[in-house]
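Residue numbers (this note's numbering): 61 to 308.
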């Protein structure tokens, strides 16, 4: 971006100094092109490595949660497809074995969801609070800039912050929604056609499935779209306060 700012100054016939991506105090003068380029290429490489690490973590979270959500969807559909309308004992026993297998799968999926929560819980908490303050400050810098260059310069990372937190909240909401479908799958399976023994097991599964599987930010908030709206609202409130103090 500083290099583009320099080109922007050339078009306007304005003397624009060479600026680094990071505000660094260097023991040499970087206002010469053969010095400026290596310094900034090094900074760009460091930024690239950092972005790769951040994006890899975000994509890992999205892929794992989305895969788990699809497994819950598949489980709900498999339960609802159980054929309880059997007149013979052999057919009922086969349906019962299938239900026991699906119960085991549901228990394993719940354990996986619990492990994902433990892995990403603290990371989500840090991400929420850093996103609030980062969105507030970057929005303030973009709108309070002295020219259009500052607006473009800070709008790009601002969009990236919005997309990152939306990605987390969207897939977190997807997990909550898909895990809730298991209870509906049991209810739609025609359990009322089975004998009382099987109805009791279906009721136990339905009660267990009422507990939604979710990723939390260290028990502070659930990672879902409601939390995303809260983050945006809170960041806007802080921005309004900061803007009011700045323009007093």
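Heads up, the beta-carbon is just placed ideally off N, CA and C, and yes, glycines get one too. Computed from a predicted model, the values in this text were never measured in an experiment.
Per DSSP, the continuous alpha helix (DSSP H) segment holding residue 259 begins and ends at 256-269. Within the model, the alpha-carbon separation for residue 219 versus residue 264 is close to 45 angstroms. Ranking 155, 306, 112, 296 by CA distance to the CA of residue 194 puts 296 first. DSSP places residue 143 in the coil class of the three-state scheme, outside both helix and strand.
Under the three-pair Cβ rule at 8 angstroms, the segment 224-244 counts as touching the segment 266-286. Residue 273 sits in coil when the DSSP states are folded into three classes, being neither helix nor strand.
Nearest C-alpha to residue 136 among 189, 191, 163, 260: 163. Distance from the CA of residue 129 to the CA of residue 239, rounded to the nearest whole angstrom, comes to 7 angstroms. For residue 250, there is no enclosing alpha helix (DSSP H), since its DSSP letter is neither H nor E.
For the pair residue 242 and residue 160, the Cα-to-Cα distance works out to about 14 angstroms. The Cβ atoms of residue 284 and residue 196 lie no closer than 7 angstroms to each other.
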